[in-house]
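Asks: Below is one structure. I have some questions about it.
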Amino acid sequence: MPADPTALPEERTTGEPKRRGRPASFAGAAVRGARWGRDGVRSALGVIADRIIATAPRIPVRDLTTLRAQFPGLTPEELADKLVAGACAGTATVGAGVGAAAMLPAPPAMPAELAAEVAGVASVEIKLIAELHEVYGLRPTGSLAQRTAAYLTSWTQERGIDIAKPASLNVALGGPMRRELRQQIMKRTLRNLPNLTPFLIGAAVGAFLNRRDTRKLAEKIRADLRRHQISWDALPDAPADQSRAAESAATSRSGSRVDT
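Each step along the sequence shown adds one to the number in numbering that gives the first Met the number 0, with nothing skipped, and position 94 is 93.
Next up, the structure:
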């Protein structure tokens, strides 16, 4: 006969008491909840990543000729400054809009608001990255899909594209790239959590954080692109009249500074 006739069979053989009843059920529920939560987060990140990948090829990107026509007489650095300022204003507007929508937060709507903000900011910043590559004469070769994959990689890794390395241009939207994209989305989502602060505080916080993050990203991209920058005159399709006009405008501005 066992020493404790009421013990369970495992306790009789091992001598170790087993948790049972309500504490054990709570522990099992907690483990299952953590597993479901992890799977839910992973699924949500995958949905946002798929949305960004699907939207990226449809983002309207202006080529160098269009940019120089819209901003005549500017040097590459001045044109890049204009693009960065416009992108910062755009992402700040997205952050302020999400913060205003979260003035009276509803917990079920918060994940959708964060997902919409991350996707909107990504679209603005990917457009900025593509146009900065145009300004610095470093448009990736290949089809629209290949260029889009390169710009997505640039946004994910927060660095410029080196067109001198063919391996960096043949980027497929495979497993490693999608994992990096999900990690970048997770990082952005965690940084955007203060945007959900109620009473319109989140609107101001969201505008400030998005403007700051976009400016930091632009600084990193521009630092990489400057190392491999190609002059507008050296580009194969550079119009001669536009290059001469840009040079004369830059000379006149520099001369006026000296005179002053």
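C-beta: ideal position from N, C-alpha, C; glycine also. In this text, all values refer to a predicted model and were calculated from it rather than measured experimentally.
Would a C-beta distance cut-off of 8 Å place Val117 and Ile184 closer than the cut-off?
Replies: yes
Asks: Do Leu137 and Ile58 come within 8 Å of each other at the CB atom, strictly closer than that value?
Replies: no
Asks: Determine the direct distance from the alpha carbon of Gln182 to that of Gly45, and round the result to whole angstroms.
Replies: 10 Å
Asks: At the level of alpha carbons, what is the spacing between Gly72 and Asp62?
Replies: 16 Å
Asks: Could you check which residue in Ile125, Arg211, Ser142 and Val123 has the C-alpha nearest to that of Arg190?
Replies: Arg211
Asks: Might you give, ordered along the chain, the residues of its own chain that have their beta carbon closer than 6 Å to the beta carbon of Lys219, omitting 5 neighbours on each side?
Replies: Glu157
Asks: Could you tell me the alpha carbon to alpha carbon distance between Glu112 and Gly96, rounded to whole angstroms?
Replies: 10 Å
Asks: Could you tell me how far apart the beta carbons of Ala217 and Leu127 are, in whole angstroms, since I believe they sit closer than 8 Å?
Replies: 6 Å
Asks: By the 10 Å Cβ neighbour count, where 16 or more other Cβ atoms means buried, how is Ala222 classified, buried or exposed?
Replies: exposed
Asks: For Thr147, I'd like the list of residues in its chain whose CB is within less than 7 Å of its CB, leaving aside the five on either flank, ordered along the chain.
Replies: Sequence-distant partners of Thr147 (beyond 5 residues in either direction) whose C-beta falls short of 7 Å from its own C-beta, in its chain, are Ala55 and Pro56.
Asks: For Arg177, which of Thr155, Arg187 and Thr188 has the nearest alpha-carbon?
Replies: Thr155
Asks: Under a three-way DSSP split, which group does Glu260 fall into?
Replies: The chain is shown only over 0 to 259; residue 260 falls outside these bounds and no answer can be derived.
Asks: Hey, Glu124 and Thr90: beta-carbon distance below 8 Å or not?
Replies: yes
Asks: State the DSSP-derived secondary structure class of Ser142, mapped to helix, strand or coil.
Replies: coil
Asks: Taking Cβ positions, are Cys87 and Thr188 nearer each other than 8 Å?
Replies: no
Asks: Mind checking whether the beta-carbon of Arg221 lies closer than 7 Å to any heavy atom of the ligand GDP?
Replies: With respect to small molecules bound, the structure shown includes none, and the ligand GDP cannot be examined in it.
Asks: Answer yes or no: does any C-beta atom of chain C fall closer than 8 Å to that of His132?
Replies: Protein chain content of the structure displayed is limited to a single chain, and chain C is not contained in it.
Asks: When the Cα atoms are used, what is the spatial distance from Ala29 to Ala43?
Replies: Note on Ala29: pLDDT 42, under 50, position unreliable in the model; the coordinate value appears next. The alpha-carbon separation between Ala29 and Ala43 amounts to approximately 21 Å.
Asks: Within 10 angstroms of its Cβ, does Thr140 collect 16 or more other Cβ (buried), or is it exposed?
Replies: exposed
Asks: Under 8 Å Cβ to Cβ from Ala144, same chain only, skipping five residues before and after it: list those, please.
Replies: Pro56
Asks: DSSP three-state label for Val60, please.
Replies: coil
Asks: Please state the DSSP three-state secondary structure of Ile229.
Replies: Residue state, collapsed to three classes: coil.
Asks: With the cut-off set at 8 Å, would you say Leu180 and Val134 are in Cβ contact?
Replies: In this structure, Val134 does not lie closer than 8 Å to Leu180 by Cβ.
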